[in-house]
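Going down the list, the protein sequences come from chains A and B.
All residue numbers for the first sequence refer to the working numbering, where the first residue is 1 and numbers rise by one.
All residue numbers for the second sequence refer to the working numbering, where the first residue is 153 and numbers rise by one.
The beta-carbon is built from N, C-alpha and C at its ideal position, and this holds for glycine as well.
Here is the structure we will look at, set down as structure tokens.
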Amino acid sequence: MNNSPLQDSITKVNLTFSQDTLEVKVCGYVFSLLLKLGGQFDSVSLGSVLHALKWQPDFTHKRAIATALDFLTQSDTAIFERRYELWDDSDEDVLDMPICEFSQEDIRLALEVNELICPKTGEIIPNFLDRVTVLYVVTDAAKRSGQQGSGS
Amino acid sequence: MTTLREHLESYGQAGLVRQFQREQPRDYADFVDVLYSDLDELIGSIEADAKDFISASEDVLNRELVRLLRARTYVASHDHDEGGHVDIHVQPGNRMFSWLGEAKLDNGPAYILGGLKQLSQRYARGTHGHNCGGLLVYFQKARFSERFIDWRKHLSSVGANDFEGLEVNDCARQQGGLAFTSSFVLDRIGDQAPKYQVRHMAVSLYRVASDISP
């Protein structure tokens, strides 16, 4: 398939989800952002999508957002890459990068043993559930396909 | 920003770990474990919509199952070319492993046996990471549990002729006889390697006319 990530994703969403589902609404929102913002579209989170769509914060809506965003992270033509990051939460020195990034396996192990170790320093991260953030970052290929799609 | 705690609330902890298993399983057992949990749930979904599938063909049913697997982010395809066109081909997100499924409408044990032979003789690789498969039997007639047991009995009695080292066992995960397992030596691999494991699953699609709304 030589289509862009955006076109491929639209096709896959249409083939996989029924048109009246919440997942399709989430994907439609993401695609519209890609077309509108192109290279300026950086990332979303579960919370930002919930807020943007003005949905109730109940399990059904949150689960649908998670399902849709995870769907858009899969395959070679992914729209997103999911990242688990730890940012410095002190008031000093604003950083433009996380202090630590975790792999999916780091997070999985942490959930199993209820302890998260920083892969860089080897230190235990206290209160990791409330300090690690989860972000869906737009891939470069998806940004380019959004720009092409919008003609900009 | 969404914290990991808030992210977890969208899945439940077990649900998030299952998503990890679908995308990047630690090993083959990890992949097969979550796949079988999902298949049990998805079969339930199809059965809940039985009125839409009571006369459906094998192809229609297989495509529906593949669609549902893709929605759970598996790399799944119908009619995948794997030494021939296997009905259902499933991989985790990282494509490190595979699982093959052959599906048959219940047209009697001899017909179903043909499906198992296709799976084992034509499609199954049997090497590490590709050593499990499934046989789905779609029942569109009444009293499916008895007919499923008939299939199990048929396999146990005549299967030894066609499947070297055949063992047929209850499925620990699925109580009530709606699934069972078989294992046997694949001819292309030989008996010095682990046997090929097949999970047999019943899908009940029968509804009496009064259950179907006009």
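Taking DSSP's pairing of strands, which residues face residue i in a bridge?
i        : result
A:Trp87  : DSSP output for A:Trp87 lists no bridge partner at all.
B:Trp251 : B:Val242
B:Met353 : B:Leu288 and B:Ala331
B:Phe336 : B:Tyr348
B:Asn321 : B:Thr333
A:Tyr136 : A:Val44 and A:Arg82
B:Asp233 : B:His237
A:Glu101 : A:Glu85
A:Leu116 : A:Ile125
B:Thr155 : A:Thr133
Residue i and residue j look like a contact to me (Cβ under 8 Å); what is the Cβ gap, rounded to whole Å?
i        : j        : result
B:Gly317 : B:Val337 : 4 Å
A:Phe41  : A:Val138 : 5 Å
B:Gln176 : A:Glu105 : 7 Å
B:Gly311 : B:Gly286 : Actually they are not in contact, since the Cβ atoms of B:Gly311 and B:Gly286 sit about 16 Å apart, beyond 8 Å.
B:Gly281 : B:Tyr180 : 5 Å
A:Lys25  : A:Leu53  : 7 Å
A:Ile79  : A:Pro5   : 6 Å
What in chain A is Cβ-close to residue i, meaning under 7 Å?
i        : result
B:Thr154 : Ser45, Leu46, Gly47, Thr133 and Val134
B:Gln165 : Leu111
B:Phe172 : Gln104 and Arg108
B:His159 : Leu46 and Val134
B:Thr333 : By Cβ distance, chain A contributes nothing, its closest Cβ being about 27 Å from B:Thr333, past 7 Å.
Can you pull the chain A neighbours of residue i, defined as C-beta to C-beta under 9 Å?
i        : result
B:Ala181 : Here the premise fails: no neighbours, minimum Cβ distance about 15 Å.
B:Gln243 : What B:Gln243 touches in chain A: nothing, since even the nearest Cβ is about 11 Å away.
B:Gln176 : Ser103, Gln104, Glu105 and Arg108
Beta-carbon within less than 7 Å of residue i's beta-carbon, same chain only, minus the 5 sequence neighbours each way: which residues are those?
i        : result
B:Glu161 : none
B:Pro261 : Asp302, Trp303 and His306
A:Cys27  : Val13, Ala68 and Leu72
A:Arg83  : Glu101, Leu135 and Val137
A:Met1   : Legend: pLDDT at A:Met1 = 46, less than 50; position of this residue unreliable, no value from coordinates given.
List, in chain order, every chain A residue whose beta-carbon is nearer than 8 Å to that of residue i.
i        : result
B:Val169 : Arg108, Leu111 and Glu112
Note down, in chain order, each residue of its chain lying with its Cβ closer than 6 Å to the Cβ of residue i, except the 5 sequence neighbours on either side.
i        : result
B:Phe315 : Phe336
B:Ile341 : Gly278
A:Leu153 : Nothing can be reported for residue 153 of chain A, as the shown portion of chain A is limited to 1 through 152.
Looking only at its chain, what residues have a beta carbon closer than 8 Å to the beta carbon of residue i, apart from the 5 residues adjacent to it on each side?
i        : result
B:Tyr358 : Ala202, Ile206, Phe291, Gln292, Lys293, Ala294 and Phe296
A:Glu123 : Ile117
By the criterion of Cβ-Cβ separation under 7 Å, what are the contact partners of residue i in chain B?
i       : result
A:Lys62 : Glu161 and Ser162
Any heavy atom of the ligand ATP within a distance shorter than 7 Å of the CB on residue i?
i        : result
B:Leu257 : This structure lacks the ligand ATP, and indeed carries no ligand of any kind.
Applying a beta-carbon distance threshold of less than 8 Å, which residues of chain B neighbour residue i?
i        : result
A:Leu129 : Thr155, Leu156, Arg157 and Leu160
Next on the checklist: Ignoring anything shorter than 4 residues, give me the alpha helix (DSSP H) runs that lie fully in the region 193-225 of chain B, in order along the chain.
Outcome noted: 202-205 and 210-223
Checklist entry - What are the complete alpha helix (DSSP H) segments, minimum 4 residues, inside the region 250-282 of chain B? => result 261-269
Item to check | Every unbroken alpha helix (DSSP H) inside the region 12-88 of chain A [4 residues or more] | outcome: 22-37, 46-53 and 59-71
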